[in-house]
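In the numbering used here, the protein residues as written are 7 to 176.
Structure (structure tokens):
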């Protein structure tokens, strides 16, 4: 079987609290362990992405908006979606291990180390795609886009379509 999840591979979490978040694989366990007899990976990701910054903002506001809130987690392979991207974070490999999850203080120390690494990377401007949330389009906005693109009589058709969409939701 081909090993898809190697250290540094970027993936998207599909299930659970962090569903839709980008993560980087720190350690993969293809055979599983005694505690977890299924293939899984230790991942680190961004729970709260940095906010948008502009040139007009001062240093203090820039510093607060550039903060990253990380998370570390053990995730089953079936709950991960691999991407083609890689993220090179050599120092993360040593900061998180299987023993990290046993004690809360070790977990907090690992999160702080990861936070420091990710913020340095964000401020340096490296891997900008990793620090942006996934774009998700709602069905309503998709419907509006299709209607306005294909119709010449936009307003009446738009009102009719929104009315039918509301009826579908009921």
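From the three backbone atoms N, C-alpha and C, an ideal C-beta is built for every residue, glycine too.
- Counting the other Cβ atoms within 10 Å of the Cβ of residue 136 gives 16 or more, which makes it buried.
- The stretch 30-48 and the stretch 8-19 touch, with no fewer than 3 CB-CB distances between them shorter than 8 Å.
- The stretch 85-101 and the stretch 51-58 do not touch, with fewer than 3 CB-CB distances between them shorter than 8 Å.
- Membership of residue 35 in the beta strand (DSSP E) is indicated by the continuous run 28-35.
- Spatial neighbours of residue 39 in its own chain (CB-CB distance under 6 Å, excluding positions within 5 residues in sequence) are not present.
- Taking the Cα positions, residue 110 is about 31 Å away from residue 131.
- Residue environment: residue 43 is assigned as exposed (fewer than 16 neighbouring CB atoms within 10 Å of its CB, all protein chains considered).
- Rounded to the nearest angstrom, the Cβ distance from residue 48 to residue 80 is 6 Å, consistent with a contact under 8 Å.
- Assigned with DSSP and collapsed to three states, residue 43 falls in coil, not helix or strand.
- Look at the stretch 68-125 and you find these whole runs of beta strand (DSSP E), each 3 residues long or longer: 75-82, 86-92.
- Taking C-beta atoms as the reference points, residue 127 and residue 133 count as a pair closer than 8 Å.
- Nearest Cα to residue 113 within the set 24, 19, 45, 50: 50.
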